[in-house]
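Protein chains in written order, with the numbering used here: chain P, 11 to 654; chain Y, 197 to 300.
Idealized CB from N, CA, C, for every residue including glycine.
Since the model is a prediction, treat every value here as computed from it, not as a measurement.
Take a look at the structure set out below.
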């Protein structure tokens, strides 16, 4: 088969699923919607794996360097020469890696949903939305043009909105989907302005040309752009920072993270797909895609990226320790892990050994997708069993959910960084990169990794141990084969993905990067992780009063963390009290009184005028005759005496 | 005995015209108003005849016009009387002051 066709089919098959199920699903495919969606995605996944194999092992490498290919490109909208919105396919190590991750996780979620969403009223709608999301995410990954990426970026946002609000009769879900949409949309405004600045400074929207122009110190474009400054920073710095704001909004980085915990109102498989494994890492992908620009042209912005990532990582980890909703804990954990990926990019430099952070970041993205999707799907199985999101309703489930228990444990070990599971390897590389470049970030990351182990095992012990096993009177089983298969497959991934020599495939400049693995270096994080695990075990394995006492001893801090450091409240204060009063209300007053007033004025004037002259239409024939006669006399006078 | 000239006839015609206009504007009875209109029309006829006779005695145009006007006036009178009859049926009166329904 033709190479570009193979690649193009990967996103187009889910799109076909969206169109077919969206248009005809409710009528004709009410029962078979899941099978159709899954079959299409299975094909996509096979094609993605095939593409990855072909790229990494057959044609991708030329002279030991992975090349970028654009197998297909077509001008869609041309503004002027060079500046055009193209629709194309960009093939390079990170896009191929993302293709595999997105299609594989999406396939797992499709299969899982066959069991989890069975019997839902809008089953086919659900699968059509999943198809739309998968299409948009794959399109985002493959975009060859920054504007094409923006289009898919928004599409991803809208499908996330649709899926969070899937249970649209639940007010909290409606509020959550609106919140997610507004917050990410607000961040996307920054992205759009950033795109405009970057493309204006480089004279193109095409990724390859844009990166080439903006990283070449000799190019005239770069010199002009660097010369023009705004508020003490060059235009390029602003552009890159604004693009990063877009990425931070999508990736739920502090302080734009507030939508992610609320997004857990959606169905659990959706959280696994969108809010853990794929969409939220789009920000990381964006920074990685533009990495040469960030690292060579605007290193200042890259440092901001690093610090934002580190701060998000630790804040989210602290909050996660206090939450009681199982999915919210996982949401904060996701935010924390994405923080890891972000600061790994932030501490990296372009090319060679210094680029190890870049490789580590994408490696972590890869392994995180595996174990975090597994955690969410496992949490879904638990929620499916006890019909509650609250950890207080769970406990002692290990006898009833044996497969979920084992796979969940594997995922917890992976995220806690216990060797030899996947998270260990990627986290080690990130820490190593931070150690070599930025000690401040390294210490934050080290503490976060201990916290991560603690809150994950707090979750694990509370769900599966804590209470005696006969505490629940639930009769039904663990969930069918459709729900267990993805768990097992992902568990295999979470256990084994770490052994992939990732540096050989993905690096900042395409050259092979040998993984430098030091046993003595990993003693500290592993020890901290184990300490976290044993603390969690001591506190939560059996029901006891220790956690409450501990919480009481941290009283003020615990309360603040439990309330997510009041960031939601700060946002509400800013929007409701400040923005509404200072901008909203005056604008509303202006609209109501000045704009509406002008329109109403013309209306009332016309009305008064017509009221005044309507008496002429009296209905009396003779009066009309008098007007007529008067008119004739006037005309006659005119013609006789004036005009002649 | 003096032969009547153009001015005499024009004077009569003008008098007839204004009597008609006065009657149309002041009478309240629709039949009377119709009669006033006939007066106006006949004053016009008289004008045509007079101008034809005194200014272009060898032509017949004015006479033909007059004949046409008489015919049209007959038709118009028929229509007007039909309207008056209908008005009488609906309003039980042919007073123009009662026919004021078509106002603002």
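Cutoff 9 Å: residue i Cβ touching any chain P Cβ
| i | result |
| --- | --- |
| residue 292 of chain Y | yes |
| residue 300 of chain Y | yes |
| residue 295 of chain Y | yes |
| residue 217 of chain Y | yes |
| residue 221 of chain Y | yes |
| residue 210 of chain Y | no |
| residue 200 of chain Y | no |
CB contact below 9 Å: residue i versus chain Y
| i | result |
| --- | --- |
| residue 625 of chain P | yes |
| residue 4 of chain P | Only positions 11 to 654 of chain P appear in the structure, and residue 4 of chain P is not among them; the question remains open. |
| residue 639 of chain P | yes |
| residue 617 of chain P | no |
| residue 635 of chain P | yes |
Residue environment, residue i, which counts as buried when at least 16 other CB atoms sit within 10 Å
| i | result |
| --- | --- |
| residue 225 of chain Y | exposed |
| residue 438 of chain P | buried |
| residue 664 of chain P | No answer is possible for residue 664 of chain P: it lies beyond the span of chain P, which begins at 11 and ends at 654. |
| residue 247 of chain P | buried |
| residue 299 of chain P | buried |
| residue 617 of chain P | exposed |
| residue 252 of chain Y | exposed |
| residue 585 of chain P | exposed |
| residue 158 of chain P | buried |
| residue 609 of chain P | exposed |
| residue 293 of chain Y | exposed |
| residue 407 of chain P | buried |
| residue 410 of chain P | buried |
| residue 115 of chain P | buried |
| residue 39 of chain P | buried |
| residue 183 of chain P | buried |
| residue 530 of chain P | exposed |
| residue 277 of chain Y | exposed |
| residue 472 of chain P | buried |
| residue 338 of chain P | buried |
Residue j beta carbon less than 9 Å from that of residue i
| i | j | result |
| --- | --- | --- |
| residue 83 of chain P | residue 98 of chain P | yes |
| residue 418 of chain P | residue 474 of chain P | yes |
| residue 328 of chain P | residue 571 of chain P | yes |
| residue 320 of chain P | residue 259 of chain P | no |
| residue 269 of chain Y | residue 205 of chain Y | no |
| residue 44 of chain P | residue 145 of chain P | no |
| residue 215 of chain P | residue 249 of chain P | no |
| residue 65 of chain P | residue 106 of chain P | yes |
| residue 217 of chain Y | residue 639 of chain P | yes |
| residue 663 of chain P | residue 211 of chain P | What the structure shows of chain P is the stretch from 11 to 654, and residue 663 of chain P is not part of that stretch, so it cannot be assessed. |
| residue 244 of chain P | residue 290 of chain P | no |
| residue 510 of chain P | residue 381 of chain P | no |
| residue 383 of chain P | residue 272 of chain P | no |
| residue 292 of chain P | residue 163 of chain P | yes |
| residue 311 of chain P | residue 386 of chain P | no |
| residue 95 of chain P | residue 155 of chain P | yes |
| residue 330 of chain P | residue 322 of chain P | no |
| residue 26 of chain P | residue 50 of chain P | yes |
| residue 433 of chain P | residue 361 of chain P | no |
| residue 357 of chain P | residue 444 of chain P | yes |
| residue 141 of chain P | residue 28 of chain P | yes |
| residue 136 of chain P | residue 332 of chain P | no |
State whether the region 456-472 of chain P contacts the region 530-539 of chain P, with contact taken as three or more CB pairs (one from each stretch) at a distance under 8 Å. yes
Just checking, does the region 214-227 of chain P make contact with the region 166-184 of chain P on the three C-beta pairs under 8 Å criterion? no
Would the region 115-122 of chain P and the region 273-286 of chain P be scored as touching if the rule is three or more Cβ pairs under 8 Å? yes
Kindly confirm or deny that the region 77-92 of chain P and the region 343-351 of chain P touch, where touching means at least three C-beta pairs closer than 8 Å. no
Cβ contact (3+ pairs, closer than 8 Å) linking the region 59-74 of chain P and the region 151-160 of chain P: no
contact_flag[the region 365-372 of chain P, the region 514-522 of chain P] where n(CB pairs < 8 Å) is 3 or more: yes
Stretch pair the region 416-431 of chain P + the region 486-502 of chain P: three plus CB contacts closer than 8 Å: yes
Those runs of the alpha helix (DSSP H) which lie wholly inside the region 583-648 of chain P and span at least 4 residues: 595-599, 606-623, 631-647
Inter-stretch contact (C-beta, 8 Å, three-pair minimum) for the region 199-214 of chain Y and the region 226-240 of chain Y: yes
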